[in-house]
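The working numbering puts the first residue of the sequence shown at 31, with every later residue one more than the last.
Worksheet for the structure shown next.
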Amino acid sequence: TGENELQVDLQADRGEALRFEVVGPDEKPLTNYTINHHRFPGTAGEPATVNGFHPQRTRTIYFRHLQKQLGRAVTIYGVPDDRSIRKAKLEPLGSVNGQLLTAKGEPDIDAPISIHQEAVPGTETLPNFESVPVMSQKNCDSEGNFLFHDLMVGAKYTLRVNQWKGRRFYPLPGQIKIKPGQKIDLGAITVPDKK
Numbered sequence: 031t032g033e034n035e036l037q038v039d040l041q042a043d044r045g046e047a048l049r050f051e052v053v054g055p056d057e058k059p060l061t062n063y064t065i066n067h068h069r070f071p072g073t074a075g076e077p078a079t080v081n082g083f084h085p086q087r088t089r090t091i092y093f094r095h096l097q098k099q100l101g102r103a104v105t106i107y108g109v110p111d112d113r114s115i116r117k118a119k120l121e122p123l124g125s126v127n128g129q130l131l132t133a134k135g136e137p138d139i140d141a142p143i144s145i146h147q148e149a150v151p152g153t154e155t156l157p158n159f160e161s162v163p164v165m166s167q168k169n170c171d172s173e174g175n176f177l178f179h180d181l182m183v184g185a186k187y188t189l190r191v192n193q194w195k196g197r198r199f200y201p202l203p204g205q206i207k208i209k210p211g212q213k214i215d216l217g218a219i220t221v222p223d224k225k
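Below you can see the structure in the form of structure tokens.
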């Protein structure tokens, strides 16, 4: 056609890389864990290389070993000057449970509730652009009880009662921060009848 063709080569920016030594509560190296839900088989003592760190961004890395029920969230602000291997010490996973009640004080049978893993807030100069994933959603049992497990140290969580029988979303107040192996019981929670 006589028109000039424009060729553009795009290259993904993988960011800077940091290395992590992943160990258990006993300080012994771990293998067969996941990093941000991707399996890292590795060998004991071999550091894991994680890409994607940028000087003007905050990023959280989620290490988990489901077989051993261990995990930890590690937040990195920018790209540290110190590039030595960092230690990620995984701790026992925790849980949160409670009971939902209707505005009439009755068990909120089958009410849908979800738990969200909150993005760690960055700073004005080091913002965090991570999305907030829904970790899990389930329905309460016949007594209005709910239970979420596999929660890790270093992460922040929020709970939300989802739309149900004409009722609007209802976020439960407060953030949940888990200590190693902690089992948090929120007790009975009354959900307002907002329509």
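The beta carbon of each residue, even a glycine, is placed where N, CA and C say it ideally should be.
Since the model is a prediction, treat every value here as computed from it, not as a measurement.
Throw me the rounded Cβ distance for the residue i and residue j pair, which I believe falls under 8 Å.
{"i": "Y107", "j": "T88", "result": "5 Å"}
{"i": "Y92", "j": "N66", "result": "5 Å"}
{"i": "N158", "j": "D140", "result": "Wrong, their Cβ atoms sit about 35 Å apart, outside the cutoff."}
Report all residues from its chain with a CB closer than 8 Å to the CB of residue i; omit the five preceding and five following residues, and keep chain order.
{"i": "G135", "result": "T220"}
{"i": "G75", "result": "E51, P59"}
{"i": "E148", "result": "V162, A185, K186, Y187, T188, Q205"}
List the DSSP bridge partners of residue i.
{"i": "P59", "result": "V53"}
{"i": "E121", "result": "G101"}
{"i": "I206", "result": "Y187"}
{"i": "V221", "result": "Bridge partners of V221: none, in fact."}
{"i": "G128", "result": "F176"}
{"i": "H68", "result": "I65"}
{"i": "A78", "result": "F50"}
{"i": "S144", "result": "Q167, R190"}
{"i": "P137", "result": "L131"}
{"i": "E95", "result": "A small correction: the amino acid at residue 95 is His; Glu does not occupy that position in the sequence shown. L100, per the DSSP bridge assignment."}
{"i": "P201", "result": "R190"}
Once the 5 residues before and after residue i are set aside, which same chain residues still bring their CB inside 7 Å of it?
{"i": "K207", "result": "K186"}
{"i": "E173", "result": "Q129, P137"}
{"i": "K117", "result": "E51, V53"}
{"i": "P201", "result": "T188, R190"}
{"i": "W194", "result": "A141, P142"}
Give the straight-line distance between the Cα atoms of residue i and residue j, rounded to the nearest whole angstrom.
{"i": "L216", "j": "Q97", "result": "27 Å"}
{"i": "Q167", "j": "P85", "result": "35 Å"}
{"i": "P77", "j": "P55", "result": "17 Å"}
{"i": "F70", "j": "T79", "result": "10 Å"}
{"i": "H179", "j": "T155", "result": "34 Å"}
{"i": "R197", "j": "S125", "result": "27 Å"}
{"i": "S114", "j": "H146", "result": "32 Å"}
{"i": "E121", "j": "T64", "result": "14 Å"}
{"i": "T105", "j": "V150", "result": "7 Å"}
{"i": "P210", "j": "M182", "result": "8 Å"}
{"i": "A103", "j": "T153", "result": "18 Å"}
{"i": "Q99", "j": "D171", "result": "24 Å"}
{"i": "H95", "j": "E57", "result": "14 Å"}
{"i": "R49", "j": "F199", "result": "41 Å"}
Less than 6 Å between C-beta atoms, sequence neighbours within five positions excluded: which residues of the same chain meet that for residue i?
{"i": "I143", "result": "F176, V191"}
{"i": "T132", "result": "D138"}
{"i": "D223", "result": "A133"}
{"i": "I214", "result": "V126"}
{"i": "A218", "result": "Q129, L131"}
{"i": "K119", "result": "V53"}
When every heavy atom of the ligand GTP is checked, does at least one fall within less than 7 Å of the C-beta of residue i?
{"i": "P201", "result": "Looking for the ligand GTP in the displayed structure turns up nothing, as the structure carries no ligands at all."}
* **Touch test, the stretch 45-54 against the stretch 108-120, Cβ-Cβ under 8 Å, three pairs minimum** => yes
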